[in-house]
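**Student:** Chains as they are written, first to last, in the working numbering: chain E, 4 to 262; chain D, 4 to 262; chain X, 694 to 1006; chain U, 694 to 1006.
The beta carbon of each residue, even a glycine, is placed where N, CA and C say it ideally should be.
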Ligand SMILES: Cc1cc2nc3c(=O)[nH]c(=O)nc-3n(C[C@H](O)[C@H](O)[C@H](O)COP(=O)(O)OP(=O)(O)OC[C@H]3O[C@@H](n4cnc5c(N)ncnc54)[C@H](O)[C@@H]3O)c2cc1C
Ligand SMILES: Cc1cc2nc3c(=O)[nH]c(=O)nc-3n(C[C@H](O)[C@H](O)[C@H](O)COP(=O)(O)OP(=O)(O)OC[C@H]3O[C@@H](n4cnc5c(N)ncnc54)[C@H](O)[C@@H]3O)c2cc1C
Ligand SMILES: Cc1cc2nc3c(=O)[nH]c(=O)nc-3n(C[C@H](O)[C@H](O)[C@H](O)COP(=O)(O)O)c2cc1C
Ligand SMILES: Cc1cc2nc3c(=O)[nH]c(=O)nc-3n(C[C@H](O)[C@H](O)[C@H](O)COP(=O)(O)O)c2cc1C
Ligand code: FES
Ligand code: FES
């Protein structure tokens, strides 16, 4: 169920250049299960800024009633969010959207998780759930530069993990697809989240039979009512059939929508 | 000189129902001398609310580099101000306006200070300065009700002090003018600040040769540039001569402007 | 005794608060969050004769204290609205106001004729003010003659009262309002969005794919209030007011200006529970302000001026 | 090398940032706070033939993210502006743009004729868009023919270039802009305030004594940008843009939309140092965005679209 919860800040820390990890607690955690869903955040009371910000759920901890989000401080909304201190509250609407389906990967199969920049966070909860299920996880994480890298160890503790940086200051220089193309094992499922060009390349590369991609779009309501976030379906790219990123997505199977 | 200073909250406390006393420190205190002037406060960064709020200076402490304001929490601006905690900063523009002239009362003379509600605060710094100069001060403070009374002891420590409440729950039931009319001594100067009907009554009553009244008006700039706060002069009540409350006032001599 | 019920042409409202068109889809999403029966009415998303995809994305952009949208009237088309969306809404005891849009007079007439027959559609809202489509829409809303003619034609076929939704992007809102009143409109809804724009600092290009979009949210409130104030003194049909409403206090302000009911748009995105919250809070606010019934607030700003003028005469 | 200097009809600006008319008085107040020589120009308060007191108070009201004003063109009158205010401003090396207002054509012509002779007045700003006076003002600004005729008459007597200040309260801003261009305007300034209103929750009455007032501040920015975007593509005269500017980033956004210089109004009240701050920050922002000179930003939003269309052809 979607609820509006005033969550309490458990901790906030900067984990890379401009990247913050925020742990929140609240009863909304009871509603969180599937990885890859998101929350819609009102970063401050009042109208400056006015709209909510969509941010993926990066980790769910049912026992402690906590969840984690990881975000890049860029505009006014995320900058204000980065000022929140332990004990303060944050207005959260969620959980929203359709996430990554763990059911698509069978026990013993290999899932490759491909994340780019702030597309990495939702893959972490996914990795945890896949591993818990008994799926082999390989993670490929792409960043701009060494200073932007985060969560490598966390992913590494769950399976084979590769890091690429565009400028070569850390890991392998280049793009995640360079690694993906060179993998020895054939992935059974690919789950990916990141910038659109990356998602396009992954879709085009047909690296696996089942590929799931998490998209981004500017949002209004976040719950399917405003038609802000629609995209065309792949088989009707100029027609009037559509999917909403906020409710049908953000995760789609490759080939489902035009990206 | 008018400066824009990020002052630090030294302390904030509620001193009566909806009435807050906020002590701030900053180099702006160096610019503060005359009582009855005001500061223009941006209660929060950003645009919610957007305009500054004019609040009188209630006390100046040169030694500790601190000043005090006392305000009623009513709308969004003062409500946000009331949330400020020690150590936080407040954006202050000031000091602004023409205040009460201590020079108008001579040593040994009697000054009567008449304050109504949130018109009381600026009279406190005035009382201190008059007493320091050697002027005898009588204070008459009017409030709605017992729960709204504040600073009685502070004024009492500087001279004879009367309190009236509209509902009679504290002090004398009625209006400040009831006391003013019944004073045994003849005041040499009256200084007053409070609601317009009160100021009108004081002006009309001609209780002293010299009467100074502090007015309120909705403000834009607070520094004389926008023409938001003008009032007609008494001798040309429908013409185009005018005074600006923010720079010519807020304190005017009775008979100067049409109130 | 209800202190909030309002009778308007075609509409017996248990309270005067309803979601605005385009900000509530066809109700399904919000029905997951609360019981839609609490609402005074529902203004559903604009319906055109054929399905429309609308504009390319990005379709929304944030502005200081508001937002721009350029959805472009995306909707599943008349047939599907009548066969699927409206029947689904029948489970609720809430009158539906159908927002009618199109590119030509024929479009409007066709949608009005069909949709006004739906059992739960109690009124039409003629959208002659959408700033986000190239043809029709706002063109009808800025020319009094066109507005009047369209209203007439739609009135001729509609089985329910017709409210006309006015655009604020005009020099003289009163002349448009009077024209549609002349054309037979039963009521007005106002305002639609103000045409605005944002540019991306990095690229220099418009943030919205459609370049310009409709401004909504708290920022438009003063403009909406002014227009309702002007229009309500010059027409004899009721006004459903909208534009930046966020709270029960805002609702009262719209009533003071001259509205007889209100719609809440953008704020649904920020607080999806805003409509029920406002409905809950109104009675207490009325008590605080000393009114028995919310209808006492309608036009209080200018009705008092009239009285005042009268006393002086 | 300056990266901010701009040449406009009558105006050699060392930088394109100036305070907007009515938000800076005649400069005296702000001169206590900083050296006015840093400014690109100064737009002084509207001047009418005779002194005006303006409207009763309250004259300002706050709105979400903006403010309403109904000053009503208070000013000391032509004679005093020419004999006192302008001479005082001569101590600064800053071109003055005189805002010309009135109730009749004759008023405008008289003020223009006299004030344009003042040595430091380098351009006039014809205020046909003040929403707060009963006669004249906005009437001229909403009717293209009237606007054109007035522009012609003022041009005939003015010794300096004439900029016409456009009202946003119109259905079709382009037609007004083209009309005044036809009338001989050397430039445009836009936008003036949007007409708005607020009501007092307790009394039900308008907060402003004048009932309605002009909306300004960040809230109007998207409307200003949209209008400048539309107009700049249709006229051949430069635009000085204004409406909600608070920062160097906002200035660039106005340039992208099509402005060649900008004015800052309401923000002076909130941050009296905003003009010098923006002027300081602009060069660094240009570097960050990769521009040599600020003039490269003008019209970038649509100039790029043109190029794009061209490439596809
Ligand atoms: C489903 C989904 C999940 C996301 N998950 C994450 C995450 O886990 N971590 C993270 O750092 N970011 C994530 N984003 C992107 C995040 O929403 C934006 O970075 C954020 O909204 C920017 O807000 P701002 O105020 O800092 O920027 P501003 O530029 O000031 O925002 C202005 C407006 O544009 C919108 N906007 C700006 N960038 C984006 C964007 N990339 N996508 C959608 N809307 C945008 C804002 O929401 C706001 O309405 C996600 C986006 C979506 C759609
Ligand atoms: C020279 C001067 C000195 C003042 N000194 C004090 C003081 O020492 N203590 C105190 O409690 N109050 C004082 N006031 C009144 C104080 O400015 C208002 O109470 C305050 O601005 C209300 O802001 P708000 O956001 O709480 O209310 P809101 O009603 O939300 O304010 C909305 C707008 O109206 C303006 N406004 C509302 N009430 C007043 C008012 N009475 N006078 C002027 N503007 C108003 C606000 O500044 C704001 O622009 C003074 C006013 C003036 C002009
Ligand atoms: C995303 C969005 C979509 C809208 N779609 C429609 C629509 O389809 N038909 C219509 O008449 N108005 C539409 N509107 C306008 C609203 O109904 C309303 O008139 C306007 O937003 C002002 O109210 P608000 O400030 O409360 O949002 C839309 C507004 C928004 C924000
Ligand atoms: C208090 C006030 C007074 C104004 N007076 C004038 C005026 O005399 N002449 C004029 O052309 N515009 C006047 N304006 C309009 C401004 O010059 C400007 O066009 C408008 O406020 C939009 O800019 P802003 O949002 O930066 O304030 C006034 C605006 C305000 C807020
Ligand atoms: S954000 Fe409103 S429909 Fe997706
Ligand atoms: S508040 Fe601007 S002149 Fe007084």
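Is residue 52/D close to chain U, meaning its C-beta is less than 8 Å from at least one C-beta of that chain?
**Tutor:** Yes - at least one Cβ of chain U is within 8 Å of the one on residue 52/D.
**Student:** Let's see if you can read the secondary structure: which residues bound the alpha helix (DSSP H) around residue 944/U?
**Tutor:** Looking at the DSSP string, the run of the alpha helix (DSSP H) that includes residue 944/U is 941-950.
**Student:** Where do the ends of the beta strand (DSSP E) carrying residue 906/X lie?
**Tutor:** From DSSP, the beta strand (DSSP E) with residue 906/X extends over 905-909.
**Student:** If the cut is a Cβ gap below 9 Å, which residues of chain D does residue 335/E touch?
**Tutor:** Nothing about residue 335/E can be read from this structure; chain E reaches only from 4 to 262.
**Student:** I'd like to confirm something about residue 268/E: is its beta-carbon nearer than 7 Å to some heavy atom of ligand 1, or not?
**Tutor:** One cannot answer for residue 268/E here, as it falls past the ends of chain E, which runs 4 to 262.
**Student:** Who are the near neighbours of residue 91/E in its chain, counting only those whose CB is closer than 8 Å to its CB and skipping five residues on each side?
**Tutor:** Closer than 8 Å at the Cβ level, and outside the excluded window around residue 91/E, lie 11 and 12.
**Student:** Beta-carbon separation of residue 711/X and residue 878/X under 8 Å?
**Tutor:** Not a contact, by the Cβ cut-off of 8 Å.
**Student:** List, in chain order, every chain U residue whose beta-carbon is nearer than 7 Å to that of residue 912/X.
**Tutor:** Near residue 912/X (Cβ distances below 7 Å), the residues of chain U are 757, 758, 759 and 912.
**Student:** Kindly say whether residue 90/D, judged by its beta-carbon, lies nearer than 8 Å to any beta-carbon of chain E.
**Tutor:** Chain E contact via Cβ: absent.
**Student:** Determine which residues share a DSSP beta bridge with residue 213/D and list them.
**Tutor:** Answer by DSSP bridge pairing, in chain order: 192/D.
**Student:** Let me confirm a value: residue 781/U is counted as buried when at least 16 other C-beta atoms fall within 10 Å, else exposed. Which label applies?
**Tutor:** The residue in question, residue 781/U, is exposed, as its Cβ has fewer than 16 Cβ neighbours within 10 Å.
**Student:** Which of the residues in the segment 896-930 of chain X, read from start to end, lie with their CB under 7 Å from any CB of chain U?
**Tutor:** Per Cβ criterion, the list reads 897, 898, 899, 905, 908, 911, 912, 914, 915, 916, 918, 919 and 922.
**Student:** On the criterion of 16 or more Cβ atoms from any shown chain inside 10 Å, does residue 852/X qualify as buried, or is it exposed?
**Tutor:** Its Cβ having fewer than 16 others within 10 Å, residue 852/X is exposed.
**Student:** What I want to know is whether the C-beta of residue 98/E ends up closer than 7 Å to one or more non-hydrogen atoms of ligand 1.
**Tutor:** Outside the cutoff, so no.
**Student:** Can you tell me where the alpha helix (DSSP H) with residue 981/X in it begins and where it stops?
**Tutor:** Its alpha helix (DSSP H) spans residues 967-982.
**Student:** What distance in whole Å lies between the Cβ atoms of residue 23/D and residue 74/D, which are believed to be in contact at a cut-off of 8 Å?
**Tutor:** Between residue 23/D and residue 74/D the Cβ distance is about 6 Å, and since that is below 8 Å, they are a contact.
**Student:** Can you say whether residue 246/E is buried or exposed, counting buried as having 16 or more other CB atoms within 10 angstroms of its CB?
**Tutor:** That one is buried.
**Student:** Along the chain, which unbroken stretches of the alpha helix (DSSP H) at least 4 residues long are found entirely within the segment 701-749 of chain U?
**Tutor:** Correct list: 721-724.
**Student:** Do residue 883/X and residue 920/X have their C-beta atoms within less than 8 Å of each other?
**Tutor:** Yes. Within cutoff.
**Student:** Can you list, in chain order, the residues of the segment 722-749 of chain X whose Cβ is nearer than 7 Å to any Cβ on chain E?
**Tutor:** Those residues of the segment 722-749 of chain X that come within reach of chain E (Cβ to Cβ, closer than 7 Å) are 722, 723, 725, 726, 744, 745, 746 and 747.
**Student:** Is residue 885/X close to chain E? Criterion is C-beta to C-beta, closer than 8 Å.
**Tutor:** No, no contact with chain E.
**Student:** Could you give the DSSP three-state label for residue 1005/U: helix, strand or coil?
**Tutor:** In this prediction, residue 1005/U scores a pLDDT of 34, lower than 50, which makes its location untrustworthy; no coordinate-derived value is stated.
**Student:** Going along the chain, which residues of the segment 20-47 of chain D sit with their C-beta nearer than 8 Å to a C-beta in chain U?
**Tutor:** Under the 8 Å Cβ criterion, the segment 20-47 of chain D contributes 45.
**Student:** Look at the Cβ atom of residue 984/U, then the Cβ atom of residue 950/U, and state whether they are nearer than 8 Å.
**Tutor:** No, the pair does not count as a contact, with Cβ atoms beyond the cut-off.
**Student:** Can we count residue 764/X as close to ligand 3, meaning its CB is less than 7 Å from some heavy atom?
**Tutor:** Yes, the Cβ of residue 764/X comes within 7 Å of a heavy atom of ligand 3.
**Student:** Assign residue 745/X to one of two classes, buried (16 or more other C-beta atoms within 10 Å of its C-beta) or exposed (fewer than that).
**Tutor:** Burial call: buried.
**Student:** Once you ignore the five residues that flank residue 979/X on each side, which residues in its own chain have a CB closer than 7 Å to its CB?
**Tutor:** Closer than 7 Å at the Cβ level, and outside the excluded window around residue 979/X, lie 696 and 987.
**Student:** Can you tell me which of the three DSSP states residue 237/D falls into?
**Tutor:** Residue state, collapsed to three classes: coil.
**Student:** What residue from 966/X, 943/X and 726/X has the CA that sits closest to residue 990/X's CA?
**Tutor:** When only C-alpha atoms are compared, the closest one is 943/X.
**Student:** Going by DSSP, which residues form a beta bridge with residue 62/D?
**Tutor:** Answer is 71/D, bridged to residue 62/D.
**Student:** Assuming residue 94/E is part of the beta strand (DSSP E), what are its boundary residues?
**Tutor:** 92-99 is the span of the beta strand (DSSP E), which, as asked, contains residue 94/E.
**Student:** Does the Cβ of residue 188/E have 16 or more other Cβ atoms within 10 Å, making it buried, or fewer, making it exposed?
**Tutor:** Result: exposed.
**Student:** Starting from residue 225/E and walking both ways along the alpha helix (DSSP H), at which residues does that stretch end?
**Tutor:** Element bounds for residue 225/E: n/a, residue is neither H nor E.
**Student:** Does the segment 123-133 of chain D come within contact of the segment 84-98 of chain D, defined as at least 3 CB pairs closer than 8 Å?
**Tutor:** No contact exists between the segment 123-133 of chain D and the segment 84-98 of chain D.
**Student:** Who are the near neighbours of residue 171/D in its chain, counting only those whose CB is closer than 8 Å to its CB and skipping five residues on each side?
**Tutor:** Counting only Cβ-Cβ distances below 8 Å, and skipping sequence neighbours, we find 177.
**Student:** Checking contacts by CB at 8 Å: is residue 716/X closer than that to chain E?
**Tutor:** So yes, residue 716/X belongs to the interface.
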